[in-house]
Amino acid sequence: MDQKNIIIELGPMGPIGEQDALILRVNRNCPWNRCLFCSVYKDKKFSIRNKDDVKKDIDAVAYIQSELEKISWEMGTNGRINGETIRETLRRYPAVFGRFPHEMSPEQAHAVNSLGAVASWLLHGAKRVFLQDADALITKTDELAEIILYLKEAFPSIDIVSSYARSKTCRNKSSGELAVLKAAGLNWCYVGIESGSDDVLTYMKKGVTRKEHIEGGKRFMESGISMAAFIMPGLGGGEALFAKRHIEDTISVLNEIRPSEVRIRSLAVHEASPLYDSWLSGDFHVPTDDLMIEELCLLIHGLDFDCIFETLQMTNPLFAVRGRFSELKEDMCQSIEEYRVLNADERARFIFKRYVDEGYLSFVRRWGKCDEELQRIIETARISLKKGNCDAIEKVNRAVFAIKSKGVP
Ligand code: SF4
C-alpha cells in the first residue's frame, strides 16, 4: 500500500446526523466567517479546492476500499470489511501507518485518519456523502456537478449527497444551476437561517437579510433539493420583547420557505466567539433557558406546515427528538407545559441537572475544558441550590452559561 495514495484532506466538522457519511472536502473554511456567534472557522482563510485535487481524494477512497477488500479476501472473509480487516491492514503496513496507536509520524497519523474515515463509511454501507466545509455550494456549479458525478460513478451505492450552504449563496444561483446540481445528485442542503429578524441578522453580522433568506430558501425548495433550516432560539438576546420579535419573524420566514426539516440549535455563546466579547462588554444580554424555552414554544405553535423537526443538539434543554413535526407536536407542547408549571426553584434544579448531570458537562470534561474556574462556578451554583439561597437561580444561569461557553456537543 502506498501512503501517498490514501491521504484524504479532512475538514473540521459535519452536522449532526452525518456521522455515517463520507466527509469530502470541496472547499476550506467559511467564505463569510463574520457571524458573531460562530467560532468554528475564526482566523482560517477560505479557499476553494481545485476540483482535480478533490477527485484525487475520491480516487484515494476507492483505492482504500480496494485494498481493504483485497486483504479481506486474503483473510478468507470474501471481500467483506470488518474490524479485523482494518486491524490487519494497520498491522501489515507499518511504514504507512506507523505502530498504531503509539508511534506515528504526523503523516502516518493522517494516513490512519484517512483509513478510519473510509473504513467507517464502508462499514455503514457507503450511502451518504457530506461535502465540506461551511458553504460547498459556493463552488462553481459546473465544477461541483462534475465532482458529484465523479463521486457517484465511483460509488453507485451513494444515495444522499449533502452540504452546508448559505441562503445567500443559494439565492445567487439560478434555478437552472440548482437543477444541474440536483441532477448530478446533490439532494440535501443544511442552511443556517438562525433568525428571520433583520435586526438580529444585522446585529449578529449574519450577512443576509430575511428577504434573502426567503428567496434562497424558496429556490432550494423549488429545485427539489431538500433543505434543513437551522434555527437559533436565544439569538435575540435576553430581553423578552426582542426575543419574541426574533422568533415571530423567524416563524414567518419558515412559513414562507416551508423547508423539508427544521433543526433547533438553542444559543450557546462560545468563549472564542466575538459574541462572547459582546457579552463581556455588556452589549449583549444572554437569554436564560426559560426564555429560550418560551421561544421554542412560540415557534412550535407558529409553524403552519409539516416537516421533519429535530432538537438533537445538547444546547436544547427540554427534549432531544427527530421526527415528523405533526407527530411530535403534542408531546413537545406537553413537555414545555410540564416545565412551565414548575416553580422558579424547581426549574433551576431541572436546568442545572440537565447540563451538569446528563451528559453536557461530560463532553466538556472530555475536551479537557472543565478548568478550575468552571468547577468553582458549578460548585457555587450547587451549594446555592442546596441551601435554597435567593441567588440560586442567578448562579445556575451563570453555571449553565459557563458550561455552554466551552463548546457544543
Ligand atoms: S456562515 Fe456559518 S460557518 Fe460562516 S461564520 Fe456564519 S455561522 Fe459560521
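Those letters in the sequence shown? Residues 851 to 1259, by our numbering. Every residue, glycine too, gets a C-beta built ideally from N, C-alpha and C. Given the structure is predicted, the values throughout are model-derived calculations rather than measurements.
With a threshold of 7 Å on Cβ separation, who are the neighbours of residue i within its own chain once the five nearest residues in sequence on each side are excluded?
i	result
His1120	Ser889, Tyr1126, Ser1255, Gly1257
Val1136	Gly1088, Val1119, Trp1129, Phe1251
Thr989	Val876, Asn877, Ile898
Phe1155	Asn1105, Arg1108
Asn1239	none
Excluding the 5 residues flanking residue i on each side, which residues of the same chain have their C-beta closer than 6 Å to its C-beta?
i	result
Tyr943	Met851
Lys1032	Ser1073, Gly1074, Ile1075
Asp1139	Pro1167, Ile1201
Ala1078	Tyr1040, Glu1111, Arg1113
Ser1116	Pro1083, Gly1084, Met1142, Thr1165, Asn1166
Asn1247	Thr1138
Suppose you measure from the CA of residue i to the CA of residue j; what does that come to, to the nearest Å?
i	j	result
Thr935	Arg1216	29 Å
Ile898	Gly926	43 Å
Ile908	Ile997	9 Å
Ala986	Leu1192	45 Å
Ser916	Glu1106	47 Å
Arg1190	Gly861	41 Å
Leu1085	Phe947	45 Å
Pro1124	Phe887	6 Å
Ala1034	Glu919	28 Å
Val1050	Ala1015	20 Å
His974	Asn932	11 Å
Lys906	Ala1004	12 Å
Phe950	Lys892	32 Å
Val1206	Gln1225	11 Å
Cys1220	Phe1213	9 Å
Asp1099	Phe1080	14 Å
Pro1259	Tyr1210	7 Å
Thr1019	Lys895	18 Å
Ser1012	Glu1229	43 Å
Lys1055	Asp1048	10 Å
Rounded to whole angstroms, how far is the Cβ of residue i from the Cβ of residue j, which I believe are closer than 8 Å?
i	j	result
Trp882	Gly1057	5 Å
Ala1170	Leu1162	5 Å
Ile856	Tyr913	6 Å
Ile1186	Cys1147	5 Å
Leu1036	Arg1069	Wrong, their Cβ atoms sit about 13 Å apart, outside the cutoff.
I'd like to confirm the pairing. Which residues does DSSP put opposite residue i in its beta bridges?
i	result
Gln982	Arg875
Glu1160	Arg1113, Arg1172
Ala1015	Val1041
Arg1095	Answer by DSSP bridge pairing: none, since Arg1095 is not bridged.
Phe1080	Gly1042, Arg1113
Leu1036	Val1011
Only counting the same chain, and skipping five residues up and downstream in sequence, which positions put a Cβ closer than 8 Å to that of residue i?
i	result
Asp992	Val1030
Ala1242	Asp1195, Ala1198, Ala1231, Ser1234, Leu1235
**OP:** May I ask you to verify whether the region 964-984 touches the region 868-885, counting CB pairs closer than 8 Å and requiring at least 3?
**Re:** The region 868-885 and the region 964-984 touch, with three or more beta-carbon pairs separated by less than 8 Å.
Subject >> Stretch pair the region 956-967 + the region 997-1006: three plus CB contacts closer than 8 Å >> reply: The region 956-967 makes no contact with the region 997-1006; the number of CB pairs closer than 8 Å stays below 3.
Original post:
On the three-pair Cβ rule with 8 Å, is the region 1095-1110 touching the region 1043-1051?
Top reply: Segments in contact, yes.
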